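Colleague:
There are 2 protein chains.
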Amino acid sequence: MAKFYGIGVGPGDSSLLTLKAVEILSTIDVLLIPDGKNDGKSLAFDIVKDYLNPNAVLEYLHFPMVLDKEVINKAGYDAAAIVSKYIDEGKDIAFITLGDTSIYSTYSYIVDNLSRDIEIETIPGITSFCAAAALINRPLCQGDEIFTVIPATKDYESMKEVVDISGGCALMKVYNHSDKVVRLIEELKLDAAIIKRVGQAGESVSYDIEDELNRDKQYFSIVIARKGK
Amino acid sequence: MAKFYGIGVGPGDSSLLTLKAVEILSTIDVLLIPDGKNDGKSLAFDIVKDYLNPNAVLEYLHFPMVLDKEVINKAGYDAAAIVSKYIDEGKDIAFITLGDTSIYSTYSYIVDNLSRDIEIETIPGITSFCAAAALINRPLCQGDEIFTVIPATKDYESMKEVVDISGGCALMKVYNHSDKVVRLIEELKLDAAIIKRVGQAGESVSYDIEDELNRDKQYFSIVIARKGK
Numbered sequence: 298m299a300k301f302y303g304i305g306v307g308p309g310d311s312s313l314l315t316l317k318a319v320e321i322l323s324t325i326d327v328l329l330i331p332d333g334k335n336d337g338k339s340l341a342f343d344i345v346k347d348y349l350n351p352n353a354v355l356e357y358l359h360f361p362m363v364l365d366k367e368v369i370n371k372a373g374y375d376a377a378a379i380v381s382k383y384i385d386e387g388k389d390i391a392f393i394t395l396g397d398t399s400i401y402s403t404y405s406y407i408v409d410n411l412s413r414d415i416e417i418e419t420i421p422g423i424t425s426f427c428a429a430a431a432l433i434n435r436p437l438c439q440g441d442e443i444f445t446v447i448p449a450t451k452d453y454e455s456m457k458e459v460v461d462i463s464g465g466c467a468l469m470k471v472y473n474h475s476d477k478v479v480r481l482i483e484e485l486k487l488d489a490a491i492i493k494r495v496g497q498a499g500e501s502v503s504y505d506i507e508d509e510l511n512r513d514k515q516y517f518s519i520v521i522a523r524k525g526k
Numbered sequence: 298m299a300k301f302y303g304i305g306v307g308p309g310d311s312s313l314l315t316l317k318a319v320e321i322l323s324t325i326d327v328l329l330i331p332d333g334k335n336d337g338k339s340l341a342f343d344i345v346k347d348y349l350n351p352n353a354v355l356e357y358l359h360f361p362m363v364l365d366k367e368v369i370n371k372a373g374y375d376a377a378a379i380v381s382k383y384i385d386e387g388k389d390i391a392f393i394t395l396g397d398t399s400i401y402s403t404y405s406y407i408v409d410n411l412s413r414d415i416e417i418e419t420i421p422g423i424t425s426f427c428a429a430a431a432l433i434n435r436p437l438c439q440g441d442e443i444f445t446v447i448p449a450t451k452d453y454e455s456m457k458e459v460v461d462i463s464g465g466c467a468l469m470k471v472y473n474h475s476d477k478v479v480r481l482i483e484e485l486k487l488d489a490a491i492i493k494r495v496g497q498a499g500e501s502v503s504y505d506i507e508d509e510l511n512r513d514k515q516y517f518s519i520v521i522a523r524k525g526k
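Protein chains in written order, with the numbering used here: chain A, 298 to 526; chain B, 298 to 526.
Have a look at this one:
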């Protein structure tokens, strides 16, 4: 029977694909490619293209980059209809997602909208925060510490409460929230680094968070931080 | 110049190794293998053995599985001395760690103790919580939710405070803390699953956390949970 695969393709570097992802990509009939900006460009596709079955059909999906649940769920519903169509034709189909399938991925909205009789296999991927920590040879958490992943879109007090109880944290979507992020690092005396475009062309690391956030508002920016020693 | 590599080998299934990990494993001169129980068995080694340079020297390291920082730091110091010795001989050496290098890995204690002139490259791996979520085709976090990783060794009130503010969480080291974990799931009405030995032989999934935790205290157990809908 045909199968639906969700594949986490890691943050940007093709060499961070798993063996399992490569094996599946080489055999699938159809590839579903998320296209957030609706411009036909896809970093996820660039990561996998050298490993893809050359005869695979490419289907671009417009997945709006918004937080409105109704809008995203509608996109998931539409994507699930495309998946079902190909499965009914007996074709194996894979959706690719940056990083990991379970961490802030639109993949879950497709799964939620799929009929339960469709067989699904999810292949986890390397998360951006693990790749960022690896790039600077640092731990995210040790011993019995709590580790948290926090979108900087949250209000300051919530962020502070959670970071305060954590040994290490990763702050996501920081590019438009430099005031909150800088204040958090100062107030809690965090040992922080900002990594931009991890695993992609133009990858960079800086420890001057304020300067880096104000100089260049880059979507693929992540701050990883630990409590000061 | 010779180089020290830290490689995250994922939770258990060799097919979750990255292409980069496989490439490095095939060329290194020495492999450092953590051996927590000092019994010569290593799950991390089982994961990589089919991809290893057949001429690589194997060095088993006893890394005690304790939380005492002084004890672990001493083990890191001893391991760093072994790394330095091989680097001085011009040999490439890799340390392997289950899951990812930055998440609760003893790897960071080796890095901390290494002379700064030794070149280090860290290869991130698939985390157990991402593999667990993938196994049941579920998200860990969506939208602007906070995601937390919490060792169940923490006190109940701290765990509750953090989980309460999170959209999703992964509870680690749950096997000896069933009372706290079950209470947390009930009080916060979490939608939870327990995954044992993810990616390993005997992998299992259950949604009856209390029964599963009391029936079989398995070290490789992880609970992933989301706020009820």
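All C-beta atoms, glycine included, are put in the ideal place defined by N, C-alpha and C. The model shown is predicted, which means the values in this text are computed figures rather than measured ones.
1. For D505(A), count neighbouring C-beta atoms within 10 Å of its own C-beta (all shown protein chains included) and say buried if the count is 16 or more, exposed if not.
2. Could you give the uninterrupted runs of the alpha helix (DSSP H) lying entirely in the region 411 to 488 of chain B, keeping only those of 4 residues or more?
3. What residue range is occupied by the uninterrupted alpha helix (DSSP H) comprising R494(A)?
4. Using a Cβ cut-off of 8 Å (strictly closer), state whether Q439(A) contacts chain B.
5. Who are the neighbours of V459(A) on chain B, taking C-beta pairs under 7 Å?
6. If you count every other CB in all the chains shown that lies within 10 Å of the CB of K514(B), and 16 or more means buried, which is it?
7. Between Y406(A) and Y374(A), what straight-line distance do the alpha-carbon atoms span, to the nearest angstrom?
8. Roughly how many angstroms separate the alpha carbons of Y401(A) and E483(B), rounded to a whole number?
9. Taking T419(B) as the query, report the chain A residues whose CB atoms sit under 9 Å from its CB, ordered along the chain.
10. I need the straight-line Cα distance from K388(B) to V327(B), nearest angstrom please.
11. 8 Å is my cut-off, CB to CB: does S399(B) come that close to chain A?
12. Between which two residues does the beta strand (DSSP E) carrying E356(A) extend?
13. Tell me which residue opens and which closes the beta strand (DSSP E) that Y302(A) is part of.
14. State the DSSP-derived secondary structure class of I390(A), mapped to helix, strand or coil.
15. Starting from I506(A) and walking both ways along the alpha helix (DSSP H), at which residues does that stretch end?
16. With H, G and I counted as helix, E and B as strand and the rest as coil, what does DSSP make of G373(B)?
17. Tell me which residues of the region 317 to 348 of chain A have at least one Cβ-Cβ distance to chain B shorter than 8 Å, keeping chain order.
18. Judging by CA-CA distance, which residue of A299(A), G303(A), S311(A) and D441(A) is the nearest neighbour of V495(A)?
19. Between which two residues does the alpha helix (DSSP H) containing I344(A) stretch?
20. What is the residue span of the beta strand (DSSP E) that A522(B) lies within?
21. Taking Cβ positions only, does L364(B) come closer than 8 Å to chain A?
22. Using CA coordinates, which residue listed in P361(B), K300(B), V345(B) and E442(B) is at the minimum distance from T450(A)?
23. Apart from the five residues just before and just after S323(B), which ones in its own chain have a Cβ nearer than 8 Å to its Cβ?
24. So which of S501(A), G309(A) and F517(A) has the shortest CA-CA distance to K346(A)?
25. Taking its Cβ as the centre, do 16 or more other Cβ atoms sit within 10 Å of L329(A), making it buried, or is it exposed?
26. How far does the alpha helix (DSSP H) with S405(B) in it extend, from its first residue to its last?
27. Measure the C-alpha to C-alpha separation of A341(B) and F342(A) and round it to an integer number of angstroms.
28. P448(B) versus chain A: which residues are under 9 Å apart at the beta carbon?
29. Beta strand (DSSP E) containing I330(A): first to last residue?
30. Which two residues bound the contiguous alpha helix (DSSP H) that contains V319(A)?
31. Go to V363(B), then tell me how far its beta strand (DSSP E) extends in each direction, as first and last residue.
32. Exposed or buried, what is G422(B) when buried is set at 16 or more other beta-carbons lying within 10 Å of its beta-carbon?
33. Count the other C-beta atoms from every protein chain shown that fall within 10 angstroms of the C-beta of Y516(A), then say buried if there are 16 or more, exposed otherwise.
34. Within 10 Å of its beta-carbon, does G465(B) have 16 or more other beta-carbons around it, so buried, or fewer, so exposed?
35. Return no unless some Cβ of chain B is closer than 8 Å to the Cβ of T394(A).
36. For V408(B) and chain A, any beta-carbon pair shorter than 8 Å?
Modeller: This is what the structure holds:
1. exposed
2. 425 to 432, 453 to 462 and 475 to 484
3. No alpha helix (DSSP H) contains R494(A), which DSSP labels as neither H nor E.
4. yes
5. Here the neighbours are I443, V459 and I462.
6. exposed
7. 7 Å
8. 25 Å
9. A430, A431, L432, I433, N434 and R435
10. 7 Å
11. At a cut-off of 8 Å between C-beta atoms, S399(B) counts as an interface residue with respect to chain A.
12. V354 to L358
13. F301 to G305
14. strand
15. I506 to R512
16. helix
17. K317, V319 and E320
18. V495(A) has its Cα closest to that of S311(A), out of A299(A), G303(A), S311(A) and D441(A).
19. Looking at the DSSP string, the run of the alpha helix (DSSP H) that includes I344(A) is L340 to V345.
20. From DSSP, the beta strand (DSSP E) with A522(B) extends over S518 to K524.
21. The beta-carbon of L364(B) is placed less than 8 Å from the nearest beta-carbon of chain A.
22. E442(B)
23. Y348, L349 and N350
24. G309(A)
25. buried
26. Y404 to D409
27. 31 Å
28. Going along chain A in sequence order, the residues near P448(B) (Cβ under 9 Å) are C438, G440, D441, E442 and I443.
29. Note, I330(A): beta strand (DSSP E), V327 to P331.
30. From DSSP, the alpha helix (DSSP H) with V319(A) extends over L316 to L322.
31. Looking at the DSSP string, V363(B) is not in any beta strand (DSSP E), and its letter there is neither H nor E.
32. buried
33. Classified as exposed, Y516(A) has fewer than 16 neighbouring CB atoms from the shown chains inside 10 Å of its CB.
34. That one is buried.
35. Not closer than 8 Å to any Cβ of chain B, the Cβ of T394(A) fails to qualify, so no.
36. yes
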